[in-house]
Every structure is written in C-alpha cells, then in structure tokens.
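**Q**
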Amino acid sequence: MDYGRSRKLPTAIKIVIAGGFGAGKTTLVGAVSETKPLRTEEILTDQGLGVDDVSGVEAKRTTTVAMDFGRITIKDEFVLYLFGTPGQERFWFMWDEVAIGSLGAVVLADTRRLADCFPSVDYFERHGIPFVVGVNCFEGATQYALDEVQLALNLGPNVPVTLCDARDRDSCKAVLITLVQHAMKIRAVTADTLVESRTS
Amino acid sequence: MTTDDERWLDEHAGPVVRPYVMTSGRAQPVRGKFDLISVVVATGPVPIAEIGMGPEHLAIVRLCQEPLSVAEIAGYLDLPTGTVRVLLGDLLDKGFVMMQEPEPEIDMRDLRMYEAVLDGLRAL
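Chains A and B, in that order, are what the protein sequence lines are.
Count along the first sequence starting at 1, add 59, and that's the number in my numbering.
Count along the second sequence starting at 1, add 958, and that's the number in my numbering.
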C-alpha cells in the first residue's frame, strides 16, 4: 500500500446549502451525495468545548449545533462537500465556518414561506459569496413565476433563480451546475478587487 | 451492586467517555487549525497503542487510511468536531497523519477548478 507522503491529496471544496427550516436542505444534500449524508456536531460552551470548568459550572450552558453534509468526488482531484447550514439562523458563526472560503451557496426557497430565506440571501450578499436561489417545488404550493420570486426576494438581476425538486438528483445537479457557472462568472470579474480587499 | 431503581443505564447515562476525557481536557489542538474540509490521511498503518494514544486516536488513523475531511472523521466517529480537532493535532504532532488545508479563498479564481467541477457534476 502506498501511504500519505507518496500521494497527492484531493483538494476539498465547500458548497453551502442554505434556506429556511424545512426548505429541503438535507433532502438536496442526500439526493446528490455519493455517501449517506453525515452529521457534524459542534458543542458550544463558554470555553468553546466541553471543558470541565469547575468555577461557574452553574452558569455553563452547552448547545449542540448540527450540520448535515454530503460529498461528491470529482476525479480523485477535487472533493465537493455540500454543507446544509444549521436550521437555527442565530448560529451565524457556524455559517462563517462553512460559508467563508466556499465556492458558493444554494439558497433553497419555499414559496409558501419565502420570508424564511431572507436571512440567507442577506448573509451571502453581505459576505460577497456567489449564490443562486433554488425554488423547491413543494406539492400544493402555488407556482410563481421565477421573476416574481426574484422581485419578492429583492435580488439583483444577475442572481440566477431556478425551479428545482430537492428530492430529484438530476434537478439538484442542475442547480449545482447553475451555481458553479454563476460563481465562475462572478469570480472572474471580481478577482482583482477581491485580492485588494483581502490584503488591505 | 446497588439496588437503587433510579440507576441510569446505557445511553440514558450519556456517553461512557465524555469528549473532554478523550482530549484530557484540552480545547485546542497542539498543532494545526483543521478546517472542516481539511483533508487528512494516515502516513502509515494503525500503530500499536503507545503512551498518549487513546482508542479514538487509533480509530482516526484506521479511518484515515483513505483521505477524509475533518467533518467526515467527526461524522463517522460520532464525535464533536472540537474533540476531533484536538485528537488530530496530537496525531499530526506525532507524524501519524498528514493534512492538506483547503485552498484559500483567493484561489477561487482558478478557472480550471470550475471547469473540472462542472465536468464532474455533469458526469454524475
């Protein structure tokens, strides 16, 4: 067997799957992942980990934040990880952990509760992370025209909005392809300004 | 040997070994940052247990015979990522694993990467 030093490790790439509670994030991850979606858990305390701090134990609160994720291997060279953001939007720092340095994000929207994806849209706009909106077609939901969704979410004209079915592999694939194409276009344009803002 | 009816048994008692025991109470790894998608691979076969190596250390080396991300290691071992980071720091320090940090954000300009990802997605 050849071990570590003799092999080139694949480069890992993150894609964020965001959206409100019940918008279909984990379903989408499961539909395209080559492995059964896994779950990471972060235990939060004042110390950042479950350290036994004898003083002030009475005040110590722990919270577990879970994220489901899946993987897609691209020819041994790249591995794509799809992270579903934690359901509770108050865990922004966890968003930072997956979103910063990511290729981009898919914001899943449920037209019955469109306002649920406002925080996600706002987050990615604020951080300059390329994103697309996937309108998950739930049965029984009124179908809106994509430009109506675009208007309702107050999106820039360049943000792609597409219909999708989070349970359907091909549909999810199409959304991811739209995202990668969009991100490629954006990064090519903003690359120079990015470098400047990072180094300043 | 107790007759107390209110004993906590099995999973009701919580994990037998608490996460902080596995890390000897340490919250930060001795080495490395370990992003969720840092890729880790063992540098050799699973070592014979040695001082300072717990069963979780060995489990990680066993898992990482093939390259895996920090998030996957945590997921498969069902351990909090903070704990896994500390254990990985020990293994990195002792040379049992090697690691590759993800590309910095600036390299998102690499058009070749986008092309490869697009091809890969289309081929799914």
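Backbone N, C-alpha and C fix where the C-beta goes; we use that ideal spot for every residue, glycine too.
1) Measuring only between beta-carbons, confirm whether A:Tyr140 sits less than 8 Å from chain B.
2) Using beta carbons (cut-off 8 Å, strictly below), is A:Gly263 in contact with chain B?
3) Our contact map puts B:Pro1060 next to B:Ile995 with C-beta atoms below 8 Å; I'd like the distance itself, whole angstroms only.
4) B:Cys1022 by DSSP, collapsed to three states: which one?
5) Tell me, please, which residues DSSP counts as bridged to A:Ile74.
6) Can you give me the C-alpha to C-alpha distance between A:Leu235 and B:Glu1030, rounded to a whole angstrom?
7) Around the C-beta of B:Ser1027, are 16 or more other C-beta atoms found within 10 angstroms, so that it is buried, or is it exposed?
8) Just checking: is the beta-carbon of B:Gly1047 within a distance shorter than 8 Å of some beta-carbon in chain A?
9) Hey, out of A:Val165, A:His186, A:Asp181, A:Asn213, whose CA is closest to A:Thr85's CA?
10) Based on the DSSP output, what are the partners of B:Val1055 in its beta bridges?
11) Would you say B:Leu1035 and B:Glu1008 are within 8 Å of each other, going by their C-beta atoms?
12) Quick check: is the beta carbon of A:Arg98 nearer than 8 Å to any beta carbon in chain B?
13) For B:Leu1076, decide whether its Cβ has a neighbour in chain A, counting only Cβ atoms nearer than 8 Å.
14) Can A:Arg130 and A:Glu93 be called in contact, C-beta distance under 8 Å?
15) Listed in chain order, which residues of the region 232 to 245 of chain A have Cβ atoms closer than 8 Å to some Cβ of chain B?
16) Are the CB atoms of A:Phe137 and A:Ile72 nearer to each other than 8 Å?
17) Which one of A:Val194, A:Lys95, A:Gly163 has the shortest CA to CA distance from A:Gly79?
18) Name, going along the chain, the residues of the region 983 to 998 of chain B whose beta-carbon falls closer than 9 Å to a beta-carbon of chain A.
19) From which residue to which residue does the alpha helix (DSSP H) around B:Ala902 run?
20) Tell me which same chain residues have a C-beta within less than 6 Å of the C-beta of A:Gly215, skipping the five on either side of it?
21) Can you look up A:Glu101 in the DSSP assignment and give me helix, strand or coil?
22) Report the option in B:Glu1024, B:Arg989, B:Leu967 whose CA atom is closest to the CA atom of B:Val1004.
23) Counting contacts by CB-CB distance shorter than 8 Å, is B:Met1071 in contact with chain A?
**A** Taking the definition as stated:
1) As a working mapping, residue 140 of chain A is identified with position 81 in the first sequence. The beta carbon of A:Tyr140 sits closer than 8 Å to some beta carbon of chain B.
2) Because chain A is modelled from 60 through 259, residue 263 of chain A falls outside the range shown and cannot be assessed.
3) Translated into positions along the second sequence, residue 1060 of chain B becomes position 102. Translated into positions along the second sequence, residue 995 of chain B becomes position 37. Contact annotation, B:Pro1060 with B:Ile995: C-beta distance approximately 5 Å; criterion of less than 8 Å satisfied.
4) Numbered from its first residue, the second sequence carries residue 1022 of chain B at position 64. When secondary structure is reduced to three states using DSSP, B:Cys1022 falls in the coil class, being assigned neither helix nor strand.
5) Indexing the first sequence from 1 puts residue 74 of chain A at position 15. Paired residue(s): A:Leu141, A:Gly163.
6) By 1-based counting over the first sequence, the position of residue 235 of chain A is 176. By 1-based counting over the second sequence, the position of residue 1030 of chain B is 72. Each residue's alpha carbon lies about 21 Å from the other.
7) Counting from 1 along the second sequence, the entry for residue 1027 of chain B is found at position 69. Label assigned to B:Ser1027: buried.
8) The residue given as residue 1047 of chain B occupies position 89 in the second sequence. Put simply, the CB of B:Gly1047 is far from chain A, with every gap to its CB atoms at 8 Å or more.
9) The count along the first sequence starts at 1 and reaches residue 85 of chain A at position 26. Of the candidates A:Val165, A:His186, A:Asp181, A:Asn213, the one whose C-alpha sits nearest the C-alpha of A:Thr85 is A:Val165.
10) Counted from its first residue, the second sequence places residue 1055 of chain B at position 97. DSSP lists B:Ala1000 as partners of B:Val1055.
11) Within the second sequence, the letter at position 77 stands for residue 1035 of chain B. Within the second sequence, the letter at position 50 stands for residue 1008 of chain B. Against a cut-off of 8 Å, the Cβ pair of B:Glu1008 and B:Leu1035 comes out as no contact.
12) Taking the first residue of the first sequence as 1, we reach residue 98 of chain A at position 39. Among the CB atoms of chain B, one or more fall inside 8 Å of the CB of A:Arg98.
13) On the second sequence, position 118 is the one that residue 1076 of chain B refers to. It does; some Cβ of chain A falls within 8 Å.
14) Locating residue 130 of chain A in the first sequence gives position 71, counting from the first residue. Locating residue 93 of chain A in the first sequence gives position 34, counting from the first residue. With respect to the 8 Å criterion, A:Arg130 and A:Glu93 are classified as neighbours on the basis of their beta carbons.
15) If the cut-off is 8 Å between Cβ atoms, the region 232 to 245 of chain A has Lys232, Leu235, Ile236, Val239, Gln240, Ala242, Met243 near chain B.
16) Here residue 137 of chain A refers to the residue found at position 78 when the first sequence is read from its first residue. Here residue 72 of chain A refers to the residue found at position 13 when the first sequence is read from its first residue. Yes.
17) On the first sequence, position 20 is the one that residue 79 of chain A refers to. Ranking the options by Cα distance to A:Gly79, first place goes to A:Val194.
18) Hits within the stretch, in order: Gly983, Arg984, Ala985, Gln986, Asp993, Leu994, Ile995, Ser996, Val997, Val998.
19) Shown here, chain B extends from 959 to 1082; a query on residue 902 of chain B therefore has no answer.
20) Working through the first sequence from its first residue, we reach residue 215 of chain A at position 156. Take A:Gly215, set aside five residues on each side of it, and no residue of its chain has a beta-carbon closer than 6 Å to its own.
21) Your numbering for residue 101 of chain A matches position 42 in the first sequence. It is a strand residue.
22) In the second sequence, residue 1004 of chain B corresponds to position 46, counting from 1. Nearest neighbour of B:Val1004 by Cα position, chosen from B:Glu1024, B:Arg989, B:Leu967, turns out to be B:Glu1024.
23) Position 113 of the second sequence holds residue 1071 of chain B. Contact of B:Met1071 with chain A is assigned, a C-beta pair being separated by under 8 Å.
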